[in-house]
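Peer 1: I have a structure here, written as structure tokens, and I will follow up with some questions on it.
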Amino acid sequence: MALSWIYSAPLLLLLLLHVVTFCQALRNYPDNEVTLLDSMSAPGDLGWEAYPAEGWEEISVMDERNTPMRTYQVCNVMEANQNNWLRTGLIQREGAQRVYVEIKFTLRDCNSLPGVPGTCKETFNVYYHESNSASPPPLRHIRESQYVKIDTIAADESFTQTDVGDRVMKLNTEVRDISGLSKRGLYLAFQDLGACIALVSVRVFYKRCPLAVLNLARFGDTVTGGDSALVEVRGSCVEDAEELEAPRMFCSADGGWLVPIGRCVCKPGFEEVDGRCQPCRSGFYKASAMDAYCVKCPPHSYSHQDKASECVCERGFHRAETDPRSMACTRPPSAPGNPISTVNETAVTLEWSPPRDSGGRGDVTYSVHCKKCSGEAAPGASGTGERCVPCGSGPHFNPRQFGLAHPRVLVTELQPRTNYTFSIEALNGVSDLSPSPRHLVSVNVTTSQTVSVIVKERRGRDSITLAWQAPEPSDGTVVEYEVTYYEKNQRDQNYTVLKTKSNSMTVEGLKPGTTYVFRVRARTDGGYGNYGGEIELETSHEDMLAVGDPNQQTILAVSIAGGVVLLILLVACFVVSGRHCGYIKAKQDPEEEKMQFQHGRVQLPGTRTYIHPHTYEDPNQAVREFAKEIEVFNIRIERVIGAGEFGEVCSGRLRLPSKREIHVAIKSLKAGYTEQQRRDFLSEASIMGQFDHPNIIRLEGVVTRCKPVMIITEYMENGSLDTFLKKHDGQFTVIQLVGMMRGIAAGMQYLSEMNYVHRDLAARNILVNSNLVCKVSDFGLSRVLEDDPEAAYTTRGGKIPIRWTAPEAIAYRKFTSASDVWSYGIVMWEVISYGERPYWEMSNQDVIKAIDEGYRLPAPMDCPIVLHQLMLDCWEKSRSERPKFGHIVNSLDQLIRNPSALKQLANSTIWEDPVTPEPAVSTVEDWLDSIKMGQYKEHFSNAGYVTLDSVLYVSVSELGKMGVALTGHQKKILSSIQSLQAQQGTHVQV
């Protein structure tokens, strides 16, 4: 009786009063949590069922707002064999497949209770039961098998008698989840086996992705999935918005929205303001849904109402059908100015000035209208135009009559001695829309009469005298005559034009005995007349020298000699000049190598050198220089394919102007990032953008001007090389595997020539496309060696295992292309072994020690000896003795051209450890451990193979039935079985 006060209910209530204020603050739950049950918010008795009656007890306390709070307690610690149950009412799950149970409780330390037997507990159990019924069987008939145990709950903090005296609050909070729910609701049950405990609060809730508006799309409340899978949700456009691309988002298991795909845009006449579409106000408009904002009406237009999708033109101004709505309204141009005509016989050249007012447009063209007027009166003299008619198809306009781009036209084939009126009109894109009269400028032209010429002639040895009759005075006063002649049959090569004011002319300097063609025409005030007919005249043969004449021969000889001398002088000058020019060129352009300095690096012409983004004072400058910015609306995300360090990795499509749509991979930067995280994320793009090689993953571009920030690369259908090889174990020929190695080596050769050290070359960082082309990836991560010898190089993207790293890099952090060659040898081993783990289950410390003592990985099964020798060359301890990547590429090319060199396989016991050889095995378990196949111990035991003798009769089909599915593992086990058979002198066909 002396201790009864210790366990009394009021004492527990006293402690509860000190946690009320704390609990009140917890009633404000996150938006992504929906409460199904909250014992602290119950308006009255909870009404939970307890059994037996002397077990759990419901009590009521008042919080600081005088609101009753209902709790349950139990403290039967003085009695053994306690089994007290407390069950809630049916909790409706509201469609949730996973719910969370949050329990807040206080618990008394058994050690602080004097005289309490050893049966006192400091834990209690929590169960649940799914049901479609609101009336479960009474607790007195309960069987634990009917309930599913959630967990045994222990207190992180328990109170003692001292804590009660000091009024110290020690409240425990535990949260557990229940998944896979499918029925109407569930019951919670609490089992006490002898603890002193008070349930301060019990809350049951599920998580959801709350209502969100993103990219003008509304995504409703969405219950999270029953497991860790993402739930895809289709959004609906907000009011006055329309779909550009179907909006979608993914609801994560923790109630957060991820990976927005697609978007809505505001309709014409509306603009986006604070996540909704607001109508354009008066004086503003938005013509297309693709436009971002409403803009002010262009000049000479207006909008008097809201929601305008275009602005109406002012009176006298127009907008052509093809004009963009953002273009100012315009009007027809004024008339052209300053027309000038130049008459030439029956042709006229018209020129004019552009109009003073183009109407605000740049598409001004010109049209020329022609009228022909006959009679003595001047054209248009009567004002009625009765004597003038359209020219019709007679005249020819060059280049054209209508739609002239330049203010000039040549009109030919006019009738002689005829009056013409040419009206010139300037037009633009809205001339046809204007009801106003057209503005024209006119010019009057009179063509001239052609002049007929009668030619008389007199011939000499080297001259011909021509005479002709002057035209009639009615044809106009002759200003001059024009005589044209040329040697017959050489018209296109040379002709001569002579002019005179007389009606006769002597043409001298002609060749004797040669026929010439002559033409004559007259020029009057009205222009040139037509040529008279062509006349052929031949000079006289008199006084010509004979061919055999000595004087002629002398002249010919002198001429030839002079020509030879002249030719020699020309050649000599050319040689001297050429030498002189060559010397000058050599002086001006010496053949010496010129070097450039770029960001502190010396670069030879024709070479490229990798530039680290950290050399830029502003890392964003590196992104701008090496990565192309892509507009987000050119990207369509299709599905999530993984998760990276900085966010999700998706596949999708990239559509660029004038290019076909391509499949791409999209890395996105998750929300809430810091500026440093953004720089780290984009640094990989700054590095990748410097590379251009078929065996290096190609960067398509980046998205930095909007959120989320994204890196866009080419899509590799078959994923990482290690996973791909494991999935297709034993399915490729040796030549195919060598081809994969060759592609990786070529990519690494390119990187080494650019002075880039990868430092993380492994099969997991090689990507494979649908054509089995391997490409090096994973760039730009810094690495720091931890002090723990079991650890690896820590990076922002994870850890680089020691087993891929060269010894000098482990010991001295010396990373070079030679250390990449070491890593490449490990990659070769991975390829041949179809993704086997290098050094198997050896610890990192054992790997470092073994390599230092000279151990190297043995040849994998069915490995050609030349390939294993190339691996060993890559693993030379001295980095100077390792081959260069160029040598590796050449060696693999030779093997591909000569496949017979791959036939000889390496003879080695590939699964034994030369450093720590296994002793003779006596059990199946020891045998499996010795060949690094310990993961199949249970498979053999369950199949009845418990002795080494029984193992001798295992076949390939039997291994498949056991669950040993990988071809490489089957070969490994069967090879060891054959060794066991040889040791025991037994041979069994397997």
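Mind the numbering: the sequence shown is residues -25 to -1, 1 to 965 in mature numbering (1 follows the signal peptide of the UniProt record, and there is no 0), read in order.
Where a beta carbon is used, it is the ideal one built from N, C-alpha and C, also for glycine.
Spell out the partners DSSP gives Asn865 in its beta bridges.
Peer 2: In the DSSP output, where bridge partners are listed per residue, Asn865 has none listed.
Peer 1: Keeping to the same chain, check which residues put their C-beta closer than 6 Å to that of Lys912; ignore five residues upstream and five downstream.
Peer 2: Glu900, Leu903
Peer 1: Can you give me the start and stop residues for the alpha helix (DSSP H) that Cys849 sits inside?
Peer 2: Residues 840 to 849.
Peer 1: Quick one: give me the first and last residue of the alpha helix (DSSP H) that Val931 is part of.
Peer 2: 931 to 937
Peer 1: Report the three-state DSSP secondary structure of Leu903 (helix, strand or coil).
Peer 2: helix
Peer 1: Helix, strand or coil: which one does DSSP assign to Pro5?
Peer 2: coil
Peer 1: According to DSSP, what are the bridge partners of Tyr830?
Peer 2: Paired residue(s): none; Tyr830 is not in a bridge.
Peer 1: Is it the case that the segment 582 to 602 contacts the segment 729 to 738, given that we only count it when at least three CB pairs across the two stretches are under 8 Å?
Peer 2: Result yes; three or more Cβ-Cβ pairs closer than 8 Å.
Peer 1: Exposed or buried, what is Gln869 when buried is set at 16 or more other beta-carbons lying within 10 Å of its beta-carbon?
Peer 2: exposed
Peer 1: Exposed or buried, Glu805, counting other C-beta atoms within 10 Å across all chains shown (16 or more means buried)?
Peer 2: buried
Peer 1: Between which residues of its own chain and Gly404 is the CB-CB distance below 8 Å, once the five residues before and five after are set aside?
Peer 2: Ala295, Thr297, Asp298, Thr305, Arg336, Asp338
Peer 1: With burial defined as no fewer than 16 other Cβ atoms inside 10 Å of the residue's Cβ, what is the status of Tyr103: buried or exposed?
Peer 2: Buried: at least 16 other Cβ atoms inside 10 Å.
Peer 1: Pick out the complete beta strand (DSSP E) segments inside the segment 168 to 241, 3 residues or longer, and give them in chain order.
Peer 2: 172 to 184, 187 to 189, 192 to 194, 206 to 209, 216 to 226, 232 to 241
Peer 1: Taking only the alpha-carbon atoms, compute the straight-line gap between Thr63 and Asn41 and give it to the nearest angstrom.
Peer 2: Computed Cα separation, rounded: 25 Å.
Peer 1: Could you name the residues of the same chain whose beta carbon sits closer than 8 Å to that of Lys946, not counting the 5 residues immediately before and after it, in chain order?
Peer 2: Cβ neighbours of Lys946 beyond the five flanking positions: Gly705, Met836, Asp837.
Peer 1: What number of angstroms, rounded off, separates the C-alpha of Val453 from the C-alpha of Lys463?
Peer 2: 29 Å
Peer 1: Between Gln67 and Leu11, which are expected to be in contact by the criterion C-beta below 8 Å, what is the C-beta distance as a whole number of angstroms?
Peer 2: 6 Å
Peer 1: Mark Val802 as exposed unless 16 or more other C-beta atoms lie within 10 angstroms of its C-beta, in which case mark it buried.
Peer 2: Buried is the call here.
Peer 1: Quick one: using the 10 Å Cβ neighbour count with 16 as the cut-off for buried, is Pro410 buried or exposed?
Peer 2: Exposed, by the Cβ-count rule.
Peer 1: For Val748 and Gly714, I'd like the C-alpha separation in whole angstroms.
Peer 2: 8 Å
Peer 1: Taking the continuous beta strand (DSSP E) assigned at Thr81, which residues delimit it?
Peer 2: 74 to 82
Peer 1: For Ala221, collect the residues of the same chain with a Cβ closer than 6 Å to its Cβ; drop the 5 residues on either side in sequence, then sort them by chain order.
Peer 2: Gly237
Peer 1: Can residue 967 and Lys158 be called in contact, C-beta distance under 8 Å?
Peer 2: Here the chain covers residues -25 to 965 and nothing more, so residue 967 does not appear.
Peer 1: If you follow the alpha helix (DSSP H) that Tyr787 is part of, which residue opens it and which one closes it?
Peer 2: 782 to 787
Peer 1: With respect to the beta strand (DSSP E) encompassing Ile777, which residues constitute its N-terminal and C-terminal limits?
Peer 2: Counting along the chain, Ile777 falls outside any beta strand (DSSP E), and DSSP gives it neither H nor E.
Peer 1: Would you kindly check if the distance between the Cβ of Ile439 and the Cβ of Pro314 is under 8 Å?
Peer 2: Not closer than 8 Å, so no.
Peer 1: If contact is defined by three or more beta carbon pairs under 8 Å, each pair taking one atom from either stretch, is the segment 76 to 96 in contact with the segment 118 to 134?
Peer 2: yes
Peer 1: Taking the straight line between their C-alpha atoms, what separation do you get for Asn873 and Lys859?
Peer 2: 21 Å
Peer 1: What is the DSSP secondary structure of Ile117, reduced to helix, strand or coil?
Peer 2: Coil, per DSSP.
Peer 1: Cβ atoms of Ile672 and Val751: under 8 Å apart, would you say?
Peer 2: yes
Peer 1: Assess contact between the segment 192 to 202 and the segment 168 to 175, defined as three or more Cβ pairs (one per stretch) separated by less than 8 Å. Is contact present?
Peer 2: Cβ pair count under 8 Å is below three, so no.
Peer 1: With distances taken Cα to Cα, identify the nearest neighbour of Ile616 among Val386, Arg183, Glu692.
Peer 2: Cα-wise, what sits closest to Ile616 is Glu692.
Peer 1: Return helix, strand or coil for Ser661, following the three-state DSSP convention.
Peer 2: Of the three classes helix, strand and coil, the one that applies to Ser661 here is helix, per DSSP.
Peer 1: Determine, using beta carbons only, whether Pro374 and Glu388 come nearer to each other than 8 Å.
Peer 2: no
Peer 1: With 16 as the cutoff for other CB atoms within 10 Å, does Glu246 come out buried or exposed?
Peer 2: buried
Peer 1: Can you give me the start and stop residues for the beta strand (DSSP E) that Ile510 sits inside?
Peer 2: 510 to 513
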